[in-house]
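Residue numbers (the working numbering), protein chains in the order written: chain A, 18 to 327; chain B, 12 to 259. Glycine is no exception: its CB is placed at the ideal position from the N, C-alpha and C atoms. Note that the structure is a prediction, hence the values are computed from the model and not measured.
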Amino acid sequence: MIEAKKLTRCYGDFTAVDRLSFRVDSGTVLGFLGPNGAGKSTTMKMLTGFLPPTSGSASIHGHDIVEDSVAARRLIGYLPEGAPLYGELSVARFLEFVAGARGYRGAESGRRVDAAIERLQLDEVRNQTIETLSKGFKRRVGLAQAILSDPPVLVLDEPTDGLDPNQKQQVRRLIRDMSADKIIIISTHILEEVDALCTRAMIIARGRLLADDSPASLLARSRYARAVSLSCDDLPAAASALSELPEASDVEIRRGLVTAFPSGQGDLFDAVSRLTRDRGWQVSRMQLEAGRLDDVFRNITRESSAEEVA
Amino acid sequence: MNQTLANISVVVRRELASYFATPVAFVFIVIFLIMSGAFTFYLGGFYEREIADLQPFFQFHPWLYLFLVPAVGMRLWAEERKSGTVELLLTLPVTAGEAVVAKFLAAWLFVGLALVLTFPIWITVNVLGDPDNGVVIAGYLGSWLMAGGFLAISACLSALTRNQVVAFILSVVVCFGFLLSGLPMVLDAFRAWLPQTLVDAIANLSFLGHFNSISRGVVDFRDLVYFGLVIAFWLTANRILVEIKKAQ
């Protein structure tokens, strides 16, 4: 279990993380979501014992990150922002160093290194110097070092940054495979990733926690959640007819689609399909919208900055 | 305790692997050997003196170290901070103190290796004459200790900045101060306004004085303690700086 209590970090006058409190249990993939400079990386740096908090505290499975830092760090695998590596070493030599620092010796160290290399499919570059590798390989070396000791807690700062779509899929699969009995915290600004990967998402902006929920509940906050879109030959006529429905609160036309937003009364999808049948519209496409995370994200972060200005 | 030693040895080995994976090791060792040879034979008058000892060899070491040791030390923390690997290193179950000692030790062992590779000159002097090998060994010991002092200063100042050039220049200046603090040029500046005991204390801080007495074969316990304290002081400051600077 990770527990953060009023975790705060200031750089001079600037408060990067502002009284962040949360609890994470095993089996959770938690996504830190937020605009650049929101305090995601700073929070991760504090959880992994790199930066001491200005005030507040956090513990990893009961080990305080400041008082009992080494014990806490032993439980964490960490991929820092930008995946920094010792570029002059070969992949295998670098991973041997990490295995040594994690307390593995001899044959056990070799086994751990081999397992990590296999898991991240680094075999072909095993003896290559890290600085000659492509960005995707470097990121995977960073991930290999984080999972090397199979730690109960993984903190991954933008794990799929710089990877191509196939590699992104691989890394997501890897994270999902490991998630059953671990706590995995990832930070990202790719919203689809939260949806694809996380069981819980925290939206952070200007160091403050704005939302903490499952991706599904966050999606439900979107005005697109359960909205109905359709395309037909006469969009303006359809739009005005749809806006008459008591089930619809609002209607908009965008990119050849007319979208009706639910008002909360009755089932909008049923009402719309009845209407199209009654009017005999030539409907080429009709869909029930899921929520849009980017929409939720924009609303939540914009609300908070409006408050700030007021 | 065992854990500490194990961690230090892991980091030392990684550091040494980095030296030998880059041209740093090769360039340093070759330049060190060429320069120390050139100084000994041309400036030191090794043959002309017709005395079978290594005094002409050792007497130029302080000046050689003044530039070469900061060149080794400048990268220790500056590079680590610039590339961000300091975050990797200090989030492994390794303490900042262990990392500071390990990085210093690796660099010190490396300089020691360069020093050991000057052995042909020791063979030469033994072929040509009958030197006091005890004095020679004391000279090597003193030289290595002095290199450790320079290195501790350089390592500490390297933690001040991400820029290796800045780290190098700062280190050379501070090392120069420590080297010369026994000379009248420096002492006169203090004599006007400091009590005599403090001026004597400053004079005692000089690397040159302590090195010269060891290299003449007088291995005085106080000189050993002196270099030990200098190294301990700068490494302590180094550890504090690493902790402070990692937030920036």
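Quick one: residues in its chain with C-beta nearer than 8 angstroms to the C-beta of residue i, no 5 flanking neighbours on either side, listed in chain order?
i, result
"F111 of chain A", "L102, Y103, I147, V158 and Q162"
"I270 of chain A", "L252, P253, A256 and T276"
"L106 of chain A", "F114, T146 and I147"
"S217 of chain B", "F189, L190, L191, S192, G193 and L194"
"S43 of chain A", "M18, P169, D198, K199 and I200"
"A109 of chain A", "V130, I134, R143 and N144"
"I207 of chain A", "T177"
"L150 of chain A", "V108, V142 and V158"
Going straight from the alpha carbon of residue i to that of residue j, what length do you get?
i, j, result
"V34 of chain A", "A170 of chain B", "26 angstroms"
"P176 of chain A", "S257 of chain A", "46 angstroms"
"L152 of chain B", "L190 of chain B", "17 angstroms"
"D64 of chain B", "S20 of chain B", "36 angstroms"
"A116 of chain A", "R122 of chain A", "8 angstroms"
"V177 of chain B", "S321 of chain A", "42 angstroms"
"E91 of chain B", "V97 of chain B", "5 angstroms"
"A197 of chain A", "A258 of chain B", "34 angstroms"
"I164 of chain B", "V22 of chain B", "20 angstroms"
"Y95 of chain A", "V172 of chain A", "5 angstroms"
"V46 of chain A", "L235 of chain A", "15 angstroms"
"F401 of chain A", "T293 of chain A", "With chain A represented from 18 up to 327, any question about residue 401 of chain A goes unanswered, as that position is not in the structure."
"L103 of chain B", "A118 of chain A", "7 angstroms"
"S246 of chain A", "D312 of chain A", "16 angstroms"
"W133 of chain B", "L64 of chain A", "55 angstroms"
"D230 of chain A", "T60 of chain A", "18 angstroms"
Considering only the beta carbon of each residue, do residue i and residue j sit closer than 7 angstroms?
i, j, result
"I192 of chain A", "L214 of chain A", "yes"
"I221 of chain A", "G54 of chain A", "no"
"F49 of chain A", "A21 of chain A", "no"
"G283 of chain A", "A242 of chain A", "no"
"G55 of chain B", "P67 of chain B", "yes"
"L219 of chain B", "V111 of chain B", "no"
"G228 of chain B", "V146 of chain B", "yes"
"V211 of chain A", "P232 of chain A", "yes"
"D174 of chain A", "S248 of chain A", "no"
"G108 of chain B", "R233 of chain B", "no"
"N18 of chain B", "V105 of chain B", "yes"
"T71 of chain A", "R26 of chain A", "yes"
"L274 of chain A", "F286 of chain A", "no"
"G160 of chain B", "V241 of chain B", "yes"
"G73 of chain A", "K152 of chain A", "no"
Return the chain-ordered list of same chain residues with a C-beta closer than 7 angstroms to the C-beta of residue i, the five sequence neighbours on each side being excluded.
i, result
"E113 of chain A", "S126 and V130"
"R66 of chain A", "It is Gly, not Arg, that sits at residue 66 of chain A in the sequence shown. Excluding sequence neighbours, G66 of chain A sits near I82, S86, A89 and R90."
"A288 of chain A", "L262 and E264"
"K62 of chain A", "L68"
"L137 of chain A", "R157, L160 and A161"
"G84 of chain B", "A118, L162, S165, A166, S169 and S182"
"T15 of chain B", "E109"
"T205 of chain A", "G48, L50, E175 and V211"
Residue i by DSSP, collapsed to three states: which one?
i, result
"Y237 of chain B", "helix"
"T65 of chain A", "coil"
"G179 of chain A", "coil"
"Q304 of chain A", "strand"
"D35 of chain A", "strand"
"M17 of chain A", "For residue 17 of chain A there is no data in the structure shown, the boundaries of chain A being 18 and 327."
"T33 of chain B", "coil"
"G356 of chain A", "The requested residue 356 of chain A does not occur in the structure, where chain A is confined to residues 18 to 327."
"L50 of chain A", "strand"
"D230 of chain A", "strand"
"Y28 of chain A", "strand"
"G73 of chain A", "strand"
"K23 of chain A", "strand"
"V122 of chain B", "helix"
"I82 of chain A", "coil"
"D231 of chain B", "coil"
"R193 of chain A", "helix"
"A242 of chain A", "coil"
"D312 of chain A", "helix"
"P279 of chain A", "strand"
"S20 of chain B", "helix"
"T106 of chain B", "coil"
"S154 of chain B", "helix"
"A218 of chain A", "strand"
"A265 of chain A", "strand"
"D143 of chain B", "coil"
Looking only at its chain, what residues have a beta carbon closer than 6 angstroms to the beta carbon of residue i, apart from the 5 residues adjacent to it on each side?
i, result
"F278 of chain A", "R240, A244, S266 and D267"
"V122 of chain B", "A158"
"L227 of chain A", "I220, I317 and S321"
Could you tell me if the beta carbon of residue i falls within a distance shorter than 6 angstroms of some heavy atom in the ligand FAD?
i, result
"L252 of chain A", "Among the components modelled here there is no ligand, and therefore nothing to report on the ligand FAD."
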